[in-house]
Structure formats: C-alpha cells, structure tokens
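See below for the structure under consideration.
Residue numbers (my numbering): 8 to 301.
See below:
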C-alpha cells in the first residue's frame with residue numbers, strides 16, 4: 008500500500024486499540040446491549056440525513072451492518088460484561104485476521120499460499136492456548152463469546168471487500184442503521200424495562216464520553232478509513248496493520264486497569280500473533296519485465 012494508506016491503517020489500529028478500555032470503563036452500570044444501541048444511534052444520526060447512500064446493493068449494506076457492527080460488537084460488549092479482560096479482548100478479537108483470510112479465500116477466491124495455511128494453523132493453536140490459559144483462572148465463556156465477535160467481524164470484512172464501496176463513510180453510517188433497534192429490543196427482553204430506566208437515569212459523564220469516543224473515533228473515523236482501505240486494496244494487505252491493535256489494547260489495559268496477562272496467556276498471545284503475521288503479511292513480488300507473463 009502507499010505510505011499514506013499505511014499511515015491511515017496505523018491510525019485505525021491506535022483508535023481501535025484504545026477502544027477496548029474505553030468501552031469497558033464506560034459500560035459500568037449500563038446494560039451492554041443498551042450501551043451498544045446508544046453508540047450506533049449516534050453513529051447513524053444525524054449523518055444519515057446528509058451522507059448519500061453507498062453505491063452498493065442494500066443487501067450488502069445490511070450484511071455489513073449485521074456482521075461488522077451488530078454481530079461483532081454485541082458479542083464483544085457481552086463478552087466484556089461477562090468478565091472478559093479488555094486487554095485480552097483486544098488480542099482475541101484479532102482472530103478476525105485468520106477468519107478473514109480463510110473466508111476471503113472461500114468466498115472471493117483470493118489466493119491462499121502455503122505460508123498462509125501454516126499461519127492460520129499456528130494462529131489457531133495460539134488462540135486455543137490463550138483460551139485454555141484464561142480458563143485456568145476464570146470462566147472461558149467470555150473468551151468463546153469474543154471469538155464469535157471476531158468471526159462476525161471477519162464476515163463483515165469479506166462482505167465490505169466484495170461490495171467495493173468507494174465511500175467508507177457512507178457504508179459506516181448507513182450500515183449503522185441495522186444496530187440500534189435490534190439491540191434495544193434485545194436489551195428490553197434480556198435486562199427488562201426497569202434496568203433500562205435505571206441505566207438511562209444513571210447515564211453519567213463517563214458513559215457519555217465513552218459513547219462519544221466509540222461513535223466518533225472508533226466507528227465514524229476508524230471504520231470509514233478501514234472500509235475505504237478494503238475497497239482499494241486486497242484484504243490481505245489491509246488486515247496485517249490491525250496486528251497493532253492488541254499491542255495498544257494490552258498496554259492501555261495495563262496502564263489504566265492494572266491488567267497483566269499470565270505467563271501462559273502471554274505465550275499464547277505470542278504464538279497467536281506469530282501465526283496471524285505469517286498468514287497475513289504478504290511479501291511484495293518483484294516487478295515483472297515487460298513482455299513476460301505475470
């Protein structure tokens with residue numbers, strides 16, 4: 008990718024890496040699905056009144072919203088609420104890189120080299136080790152939920168890549184319409200009207216600041232850039248930069264929440280990220296001289 012696009016990908020990684028601690032801190036006292044509904048209501052409105060609809064089939068826009076936004080973040084928020092450490096969540100969610108490569112090969116026919124197959128196997132082994140290590144000190148269910156969030160993100164990546172929408176902002180804003188109503192209805196069903204009323208009355212400055220960051224920084228800015236990069240470059244060239252997300256996320260959780268991974272979790276993290284790097288970082292092919300087949 009050009010240097011400018013590479014810098015934008017790094018910016019996305021920083022925005023998303025900080026996002027985990029900010030969500031975890033702001034969600035205190037607020038049901039996770041209600042918190043998510045509020046976030047995406049601010050992502051969609053009022054911009055949906057001014058941003059043109061993306062030039063893609065409405066089915067693709069709905070699918071991106073359903074998987075990249077609704078599926079990914081509902082599971083992530085539920086995982087955090089169930090006790091998933093925010094730094095570890097930033098790591099486990101990067102399993103989306105492995106899932107994206109596999110799904111892009113299956114759905115889009117993107118070439119998969121032997122090196123990528125090895126990376127997927129190594130990354131999956133590291134992910135399993137992280138899950139087992141966490142299970143030794145806490146329930147493993149939050150890890151499983153977060154893995155589900157990673158898979159949902161990967162499906163959204165492939166759909167966004169296939170749609171090739173030129174305006175990342177339009178895709179973010181219009182796909183956000185898929186999220187608020189289902190999340191609010193689910194929160195009413197799971198938490199009950201009384202809990203929602205209590206949460207709304209107790210919605211303080213911390214929750215408001217967290218919502219502002221996640222809506223503007225992580226969603227509007229982060230996903231606008233990310234979707235734009237996916238529309239211009241192969242998924243395998245974009246997703247490796249997201250390897251920086253857990254570095255930022257774990258450092259932020261360490262600094263803000265005193266969250267320190269266990270030695271076994273750290274080993275699993277290294278194995279997983281090594282596999283992800285092997286699978287997703289592509290080597291540039293030398294230019295082919297004119298007149299020779301490529």
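Built from N, CA and C at the ideal position, the CB exists for glycine as well.
Could you check the C-alpha separation between residue i and residue j for me, to the nearest Å?
i: residue 245; j: residue 79; result: 19 Å
i: residue 259; j: residue 267; result: 11 Å
i: residue 298; j: residue 131; result: Confidence at residue 298 is low in this model, with a pLDDT of 39, below 50, so its placement is unreliable and no value can be given for it.
i: residue 17; j: residue 209; result: 36 Å
i: residue 96; j: residue 60; result: 33 Å
i: residue 126; j: residue 88; result: 31 Å
i: residue 305; j: residue 227; result: Residue 305 is absent from the model: the chain starts at 8 and stops at 301.
i: residue 99; j: residue 154; result: 6 Å
i: residue 229; j: residue 221; result: 9 Å
i: residue 270; j: residue 143; result: 12 Å
i: residue 122; j: residue 14; result: 26 Å
i: residue 171; j: residue 11; result: 20 Å
So, are the CB atoms of residue i and residue j less than 8 Å apart?
i: residue 216; j: residue 33; result: yes
i: residue 237; j: residue 168; result: yes
i: residue 206; j: residue 39; result: no
i: residue 19; j: residue 183; result: no
i: residue 86; j: residue 275; result: no
Within the same chain, show all residues whose beta-carbon is closer than 8 Å to that of residue i, passing over the 5 residues directly before and after it, in chain order.
i: residue 101; result: 157, 249, 250, 252, 253, 279, 280, 283
i: residue 193; result: 40, 81
Leaving aside the five residues before and after residue i along the sequence, list all residues of the same chain whose C-beta is less than 7 Å from its C-beta, in chain order.
i: residue 161; result: 103, 106, 107, 110
i: residue 285; result: 122, 125, 126, 129
In or out: residue i buried (at least 16 other Cβ within 10 Å) or exposed?
i: residue 292; result: Low confidence applies to residue 292: its pLDDT is 48, below 50, so where it sits in the model is not reliable, and the reading given next is rough at best. Flag for residue 292 reads exposed.
i: residue 152; result: buried
i: residue 265; result: exposed
i: residue 212; result: exposed
i: residue 83; result: buried
i: residue 225; result: buried
i: residue 52; result: exposed
What does a CB cutoff of less than 6 Å around residue i pick up in its chain, not counting 5 residues either side in sequence?
i: residue 45; result: 218
i: residue 5; result: Residue 5 cannot be examined here, being either before or after the span of the chain that is shown, 8 to 301.
i: residue 190; result: 40, 43, 44
i: residue 74; result: 159, 162, 163
i: residue 94; result: 256, 257, 260, 266
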